[in-house]
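For the sequence shown, counting from 1, position 31 maps to 31 in the working numbering; every step adds exactly one. Even glycine gets a Cβ: it sits at the ideal position worked out from N, Cα and C. Here is the structure we will look at, set down as structure tokens.
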Amino acid sequence: MPCQGLERNPPAEKKAKMADRTNDKEPTWVLQGKKLLKVREFKGKVYVDIREFYEKNGELLPGKKGISLTPEQWRKLLSVGEEVNETVSSMC
């Protein structure tokens, strides 16, 4: 089933909400469950990090499943978004 989890006419999407974690200074959006999008700095460079987090001792920690994109890669991803949406729709 190539489009498992995708509906042909999905309900209107809700916008991702900013996470309300006061101890986290990184801008964070919850995509679904523990899948988060964060904008963070690492070794003096900015990255858009899309990652699955896990909970340990009451704290959310980044897991291995995910990807960190440079700002250039992020902009490229956004630029092909409509084309990807059309392709996904044509396959489902």
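Measure from the alpha carbon of residue i to the alpha carbon of each residue in the options, then state which is nearest.
i, options, result
"residue 41", "25, 51, 63, 34", "25"
"residue 62", "51, 70, 71, 29", "51"
"residue 71", "47, 30, 43", "47"
"residue 33", "27, 44, 54, 45", "54"
"residue 66", "35, 43, 29, 3", "35"
"residue 37", "81, 56, 69", "69"
Could you give the residue range of the beta strand (DSSP E) that holds residue i?
i, result
"residue 81", "Taken as a continuous stretch (DSSP letters only), residue 81 belongs to no beta strand (DSSP E), being part of the alpha helix (DSSP H) at 81–91."
"residue 55", "45–56"
According to DSSP, residue i sits in a beta bridge with which residue or residues?
i, result
"residue 28", "38"
"residue 66", "51"
"residue 60", "55"
Taking 8 Å as the limit between beta carbons, can you name the residues of its chain near residue i, skipping five residues before and five after?
i, result
"residue 74", "48"
Less than 7 Å between C-beta atoms, sequence neighbours within five positions excluded: which residues of the same chain meet that for residue i?
i, result
"residue 3", "91, 92"
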